[in-house]
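Numbering (our numbering), first residue to last: -17 to 195.
C-beta atoms are modelled at their ideal positions from N, C-alpha and C, and glycine is treated no differently.
Input: a single structure, listed below in structure tokens.
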Ligand SMILES: C[S@@+](CC[C@H](N)C(=O)[O-])C[C@H]1O[C@@H](n2cnc3c(N)ncnc32)[C@H](O)[C@@H]1O
């Protein structure tokens, strides 16, 4: 993991110094300032964004997006989900200001995902059934990841699904964290053209077999 972060740091320095789009430069600059919280050197691609949202049923979903960054998944979600059923979460103020300008009609919350349950309206607790996450769970400190997932558990429906990407060849959530959340991962798709290539996983609640009959 340390080697990966070091390589990403070097690539992001190269991006910042070699001339890039303003969005890419902003992203790489934020990564250099806080690599473990940003967890990526560039915004996700259109291809990955499409894979992250294509399985969501727009008619029957109340959706939270965690770690929106500059908004590649947000763009797809805003086009698909009614605005009162969509909550965008980002705690980095530079990204938050960018999101507010890019999606002026959509409520974006500048809050730490650890405190998610304090910001999602109470009447929706237990009703959030889709979570689209760009959070870098493998590089966040373990106690932060645990707090985020505990908070998530308080607002999600029993049958929720968590859609999460990773750059690594293993499920994006550490095993202890997915057990704590009561979910199991299913591999969904590879996005080969993302930089770097990314894997999409979908977590669903563990189904306990009914043995009473
Ligand atoms: C890997 S980037 C993904 C950004 C965007 N979704 C994308 O795919 O391009 C991770 C994002 O999670 C945000 N983040 C990290 N920790 C967070 C936290 N505790 N609460 C809210 N957002 C967080 C970072 O600021 C960053 O924007």
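Checklist entry - Alpha carbon to alpha carbon, how far is residue 13 from residue 143? => result 28 angstroms
Checklist entry - Below 9 angstroms between beta carbons: does that hold for residue 168 and residue 188? => result no
Next on the checklist: Could you tell me the alpha carbon to alpha carbon distance between residue 26 and residue 137, rounded to whole angstroms?
Outcome noted: 26 angstroms
Checklist entry - Buried or exposed: where does residue 140 fall if 16 or more other Cβ atoms within 10 Å of its Cβ makes it buried? => result exposed
Next on the checklist: I'd like to know if the stretch 115 to 126 and the stretch 99 to 106 are in contact, where contact means that at least 3 CB-CB pairs between them fall below 8 angstroms.
Outcome noted: no
Checklist entry - Mind pulling the alpha helix (DSSP H) runs of 4 or more residues that sit fully within the stretch 102 to 141? => result 124 to 137
Next on the checklist: If distances are taken between C-alpha atoms only, which option among 41, 24, 8, 48 comes closest to residue 133?
Outcome noted: 48
Checklist entry - Closer than 8 angstroms: is that where the CB of residue 50 sits relative to any heavy atom of ligand 1? => result yes
Checklist entry - Using DSSP with H/G/I as helix, E/B as strand and the rest coil, what is residue 98? => result helix
Checklist entry - According to DSSP, is residue 50 helix, strand or coil? => result coil
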